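Going by full-length UniProt numbering, the first residue of the sequence shown is number 1, and it counts up by one from there.
Notes to accompany the following structure.
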Amino acid sequence: TELLLNEYLDVRNTVKSRQQAPSNYEEATMDIGTYFTKKKTQKQKKGSLFRFDASIHALSTNSYVEDTHHFESELFGGGTMHMDTPKHVFVCKPSVDNIRSIYKQLQIFIKEVESSSALQPGESSLNEFVKNFVEDTYLGHIHYVVSNNIDIATKVDEEEESFDALRNVIDHKTQKELGVPRPLLQSTVTVDKSVSELKDLMTELPDYADQFLNMICNVLRGYRDTCHNAYRGIVQYDADEKRVISAMWAKDEDISRFLRSLPSWRTLQPTNGQELNRTVCSEEEMRALNSKEAVILITNLSSDEAFIPQHEIITDVTQMRTVANVHESLEWFAVRLKNFSITKATQASQQLVVESPVYDSSPKVSQKTLESLNGIVKDFQDLSEVCLLLLHLEVRVHCFYYLMPVAKQSNYAGPIDDLDPDSNVLKLNKDLSGIEELLAASLQPSKFKYIFESLGYLVASILMNSMQFIKKINENGIKKMCRNLFAIQQNLTNITMSRESDLDHARQYYELLYLNPEKILTLIAEKGSQFTLAEYSQLLQLYHRSHFTVDQAVVDAHLKRLREVTEKGHNETV
Numbered sequence: 001t002e003l004l005l006n007e008y009l010d011v012r013n014t015v016k017s018r019q020q021a022p023s024n025y026e027e028a029t030m031d032i033g034t035y036f037t038k039k040k041t042q043k044q045k046k047g048s049l050f051r052f053d054a055s056i057h058a059l060s061t062n063s064y065v066e067d068t069h070h071f072e073s074e075l076f077g078g079g080t081m082h083m084d085t086p087k088h089v090f091v092c093k094p095s096v097d098n099i100r101s102i103y104k105q106l107q108i109f110i111k112e113v114e115s116s117s118a119l120q121p122g123e124s125s126l127n128e129f130v131k132n133f134v135e136d137t138y139l140g141h142i143h144y145v146v147s148n149n150i151d152i153a154t155k156v157d158e159e160e161e162s163f164d165a166l167r168n169v170i171d172h173k174t175q176k177e178l179g180v181p182r183p184l185l186q187s188t189v190t191v192d193k194s195v196s197e198l199k200d201l202m203t204e205l206p207d208y209a210d211q212f213l214n215m216i217c218n219v220l221r222g223y224r225d226t227c228h229n230a231y232r233g234i235v236q237y238d239a240d241e242k243r244v245i246s247a248m249w250a251k252d253e254d255i256s257r258f259l260r261s262l263p264s265w266r267t268l269q270p271t272n273g274q275e276l277n278r279t280v281c282s283e284e285e286m287r288a289l290n291s292k293e294a295v296i297l298i299t300n301l302s303s304d305e306a307f308i309p310q311h312e313i314i315t316d317v318t319q320m321r322t323v324a325n326v327h328e329s330l331e332w333f334a335v336r337l338k339n340f341s342i343t344k345a346t347q348a349s350q351q352l353v354v355e356s357p358v359y360d361s362s363p364k365v366s367q368k369t370l371e372s373l374n375g376i377v378k379d380f381q382d383l384s385e386v387c388l389l390l391l392h393l394e395v396r397v398h399c400f401y402y403l404m405p406v407a408k409q410s411n412y413a414g415p416i417d418d419l420d421p422d423s424n425v426l427k428l429n430k431d432l433s434g435i436e437e438l439l440a441a442s443l444q445p446s447k448f449k450y451i452f453e454s455l456g457y458l459v460a461s462i463l464m465n466s467m468q469f470i471k472k473i474n475e476n477g478i479k480k481m482c483r484n485l486f487a488i489q490q491n492l493t494n495i496t497m498s499r500e501s502d503l504d505h506a507r508q509y510y511e512l513l514y515l516n517p518e519k520i521l522t523l524i525a526e527k528g529s530q531f532t533l534a535e536y537s538q539l540l541q542l543y544h545r546s547h548f549t550v551d552q553a554v555v556d557a558h559l560k561r562l563r564e565v566t567e568k569g570h571n572e573t574v
C-alpha cells in the first residue's frame with residue numbers, strides 16, 4: 001500500500017522539487033575576465049549545401065518515431081517499451097494533491113487494519129507513512145502555493161511604490177458570477193479563493209483542520225496588514241503620520257460614535273441578510289440631527305484664523321474611488337468570513353456530543369484559533385466601516401475647503417453686478433460632480449445616498465454661518481450670494497435627485513438683507529422666527545457694517561429688540 005501511495009502521491013518528485021528548488025535571489029556565477037581575454041580567430045567552417053531532414057521520407061520517419069514514443073509513454077508511464085519489465089498503468093495522474101481525495105478512506109482502512117491486527121490506534125506503519133507525508137510534505141506544499149498566490153495578488157508596484165492591487169477590480173463577468181452589485185478588488189477575490197481552498201482542505205483532511213485554519217488566519221493577517229498600509233498610504237500626507245482631516249475624524253471616537261448613531265447610518269446595517277427599512281423620522285427630527293452634525297463640523301472647521309490646507313484633503317478623486325472599492329470588497333469579504341466562523345463554531349460545539357464509531361470525519365479546530373479568526377474578521381469589518389465614514393466626511397470637508405473662501409475673500413460690495421457665481425463655487429460643483437461619477441459606479445445606491453444625503457443642509461449652514469466673515473455687502477453682493485446658492489442647489493439636485501430645499505432657506509436668509517432692520521424686526525413679530533437668534537444677530541450686524549452705522553447704540557438697540565421679539569414669539573409658540 002505504501003509503495004502504491006508513493007507512486008500516486010508523487011512523493012519522490014515532490015521531495016526532489018522542494019530540495020532542488022532554485023532561489024529567486026541566486027545568480028549564475030560568471031568569470032568577468034572572459035570579457036577581456038583575447039579571443040582566438042576561428043577558422044570558418046564549410047557549411048553543407050543541402051540536407052535531407054526536410055524531405056518527405058525524413059518527415060514521415062520522424063513522425064512515426066514520435067507517435068511510437070507517445071504511445072509507449074501513455075501505456076507504460078514513460079520510457080521505452082521492454083517486454084521483460086512492463087510498468088503499471090496509472091488510473092490518474094500522480095500528484096501530491098491526490099491525498100485530498102483518499103485521506104478519509106485511508107483513515108477508515110487504517111482503522112480496520114489496526115483493529116484486525118490487534119494494534120493500538122496509530123501504531124501501523126501505513127498510518128505513520130500517511131502522517132509523515134501530510135506533516136512533512138503536504139502542509140509545506142500547501143503553504144508555499146497559498147503564499148505564492150497571495151504574494152501575486154498583493155504585489156507592490158516598484159516604480160510607483162504603491163499597492164497596485166488596489167487599482168485592479170474584477171471584470172463584469174466575474175462580478176456577475178459572484179453575484180455582487182459593485183466591483184470588488186481583484187486581490188480580495190484572490191485571497192477569498194485561497195481561503196476557500198483551505199476551507200475545503202479542512203473538510204478533506206479533518207485531522208489537520210486546525211493547522212489549515214491557522215493558515216487561514218495567517219493569510220488573513222497578512223492581507224489585513226496590507227490593506228491597512230494601503231489605506232494609510234491614501235490618507236497620510238507626511239512622514240510624521242499626519243493624516244487628512246476626514247481620516248482623523250473617522251477614527252475619532254466621539255465623532256465616529258455620533259455618526260454611527262444617526263438613522264442614515266443605521267439604515268445601512270444589515271439584519272438577517274436584508275437591509276433595514278429606513279427609520280421613521282419626522283422632517284423636524286431629521287433637521288435637528290442634520291443640524292447637530294453641521295454644528296460639529298462648523299465648530300471644528302470654521303474659524304477666523306486660516307483656511308483648510310490643500311494637503312489635508314484628498315485632492316485626487318480616483319483615490320476616493322479606491323477607498324470605495326476597499327469598503328465594498330472588505331464588507332463582502334467580512335460577511336463571508338463571519339458566516340464561515342459561525343459554521344465552524346457550531347461544528348466545534350457539536351463535536352462534544354457526536355462521536356463516530358469508526359472514524360470521526362468532522363474538522364477538529366480549537367477555540368483559541370476560532371477566537372483569533374473572529375478578531376481578524378472584526379478588523380476587516382472595522383476598516384470597511386472606516387472607509388465609508390471617511391468618504392462621508394471627505395465630501396463634507398471638500399465643501400468647507402471651497403466655501404470658506406467664498407465669504408472671506410470675495411467682494412460683495414462691488415459697483416458691478418457680477419452675473420457669474422463665485423469661482424470657488426464653480427470649483428466645488430466640478431469637484432462634487434467628479435466624485436459623484438466615480439462613487440456611483442463603485443458604491444451601492446444606499447451607500448451613495450449616505451455620502452451625499454443632507455449635504456445641502458451642510459452647504460446652507462456653511463454659507464449662512466459665513467455671513468459673520470463678510471465685511472460689507474450691497475444689492476449686487478446679495479444677488480451674487482443668491483447665485484452661489486442657486487448654482488450649488490442645481491448641482492446637488494442633479495446628484496441626489498431631490499429639491500435640496502435647505503438651500504432655498506439659505507437664499508431667503510440672504511434676501512432679508514434687502515430690508516432694513518425695522519422691517520426685519522416687524523416681519524419677525526408678524527410671521528414668527530424663521531431663523532435662530534444668532535443668525536438674525538449676524539444679519540443685523542452685517543447690515544449696519546454695510547451701511548456705515550457709526551453709533552453703536554443704534555446697533556445695540558436693534559439687537560435688544562430682536563431678543564425681545566424672538567423671546568415673545570417663542571413664548572407664544574410654547
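Beta carbons: idealized from backbone N, C-alpha and C, even for Gly.
These figures come from a predicted structure and were not determined experimentally.
Please report the distance separating the alpha-carbon of residue i from that of residue j.
i	j	result
T346	Q310	51 Å
S442	W265	18 Å
Y514	H505	15 Å
D502	S291	11 Å
L262	S454	12 Å
D84	E7	With a pLDDT of only 48 at D84, under 50, the local geometry of the prediction cannot be trusted, and the value read off the model is given with reservation. Straight-line Cα distance between these residues: approximately 21 Å.
T190	I99	24 Å
E283	Q530	16 Å
L198	S117	35 Å
V195	V244	34 Å
L419	T493	21 Å
H392	I462	17 Å
Can you tell me whether residue i is buried or exposed? The criterion is at least 16 other CB atoms within 10 Å of its CB, across all chains shown.
i	result
L4	exposed
residue 589	Limits of the chain in this structure are 1 at one end and 574 at the other, which puts residue 589 out of reach.
E293	buried
F548	exposed
V550	exposed
L178	exposed
T369	buried
C92	exposed
L201	buried
H82	Residue placement at H82 is flagged as unreliable, the pLDDT there being 45, under the threshold of 50; a coordinate-derived value is accordingly withheld.
I110	buried
Y450	buried
V554	exposed
P183	buried
Could you check which residue in the options has the C-alpha nearest to that of residue i?
i	options	result
N374	G477, S341, S101	S341
L467	H398, L391, D238, H544	According to the sequence displayed, residue 467 carries Met and not Leu. That would be H544, whose Cα lies nearest to the Cα of M467.
H327	V317, D382, G140, E285	D382
F380	F109, W332, L523, V146	W332
T188	N149, A553, S329	S329
A525	W249, Y514, R561, Q541	R561
A209	D151, K344, E253, V323	K344
A230	A440, I462, S384, V397	S384
L432	T137, N411, I488, E283	I488
I234	K173, A324, N300	A324
T522	T566, S498, P415	T566
P421	Y450, Y401, K479	K479
I559	G528, K527, I520	For the sequence presented, residue 559 should be read as Leu rather than Ile. Nearest option by C-alpha distance: I520.
R499	L485, E112, Y510	L485
I296	V397, C217, V317	V397
R257	R287, L389, K173	L389
L540	G434, K568, G528, I473	I473
Would you say the beta carbon of residue i comes nearer than 7 Å to a heavy atom of the ligand HEM?
i	result
S546	As presented, the structure is devoid of all ligands, the ligand HEM included, so that no description of it is given.
What residue range does the alpha helix (DSSP H) around residue i cover?
i	result
Q490	475–496
F531	Segment: none, F531 is in no alpha helix (DSSP H) and carries neither H nor E.
F380	367–408
R167	Here R167 belongs to no alpha helix (DSSP H), and DSSP marks it neither H nor E.
K131	125–133
R499	Counting along the chain, R499 falls outside any alpha helix (DSSP H), and DSSP gives it neither H nor E.
S196	186–204
E285	283–301
F109	99–116
G140	139–153
Just to confirm the assignment: which complete alpha helix (DSSP H) runs, minimum length 4, are found wholly within the region 426–479?
Inside the region 426–479, DSSP marks whole alpha helix (DSSP H) runs of 4 or more residues at positions 445–452, 455–465, from first to last along the chain.
Which parts of the region 227–276 are runs of the alpha helix (DSSP H), unbroken and 4 residues or longer, counting only runs that do not cross its ends?
245–251, 253–261, 263–266
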